[in-house]
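In our numbering, the protein residues as written are 803 to 933. For every residue, glycine included, the Cβ atom is placed at its ideal position computed from N, Cα and C. Below is one structure; the comments refer to it alone.
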């Protein structure tokens, strides 16, 4: 995408489901969400790179670090339970490596799309399989 069509993160809310240690929320910004910046391998914090975005990482276990950017926070939550957020709450949802964790993927995707219906793409799933 060129800069004219790349969505910016100004005032956006990003949800990282199954955040684990929080590595994605902190160190791996998705290339299509960069704002007029050249993607580098410097591992800039996602939340630091997008200070106007609010980033939420959820997981079953509270194993994330406590020293994080002010616009990033972590919550203990089970994505297979009823979601505690309002509909249309997110601009981007990131999911990675949840094989074996979600029993009903159709229900999960339907629910996720209800919570991020207006973004492009509303949901990013990165398979965690050997190449």
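Give every residue of the same chain whose Cβ lies closer than 6 Å to the Cβ of residue i, excluding the five residues on either side of it in the sequence, and list them in chain order.
{"i": "residue 849", "result": "857, 871, 873, 874"}
{"i": "residue 859", "result": "818, 821, 824, 827, 876"}
Thinking residue i and residue j are a contact (beta carbons under 8 Å), I'd like their distance in whole angstroms, please.
{"i": "residue 814", "j": "residue 876", "result": "Contact flag wrong, Cβ pair sits at about 18 Å."}
{"i": "residue 900", "j": "residue 820", "result": "5 Å"}
{"i": "residue 861", "j": "residue 902", "result": "That pair is no contact at about 15 Å."}
Give the single residue among the options whose Cα lies nearest to the Cα of residue i.
{"i": "residue 868", "options": "825, 900, 886", "result": "825"}
{"i": "residue 864", "options": "889, 909, 880, 852", "result": "880"}
{"i": "residue 917", "options": "904, 866, 888, 907", "result": "888"}
Using a Cβ-Cβ cut-off of 7 Å (strictly less than) and excluding sequence neighbours within five positions of residue i, which residues of its own chain qualify?
{"i": "residue 919", "result": "890"}
Between which two residues does the beta strand (DSSP E) harbouring residue i extend?
{"i": "residue 818", "result": "815-819"}
Taking the runs of the beta strand (DSSP E) that are 3 residues or longer, which of them lie wholly in the region 844-917?
856-861, 874-878, 894-898
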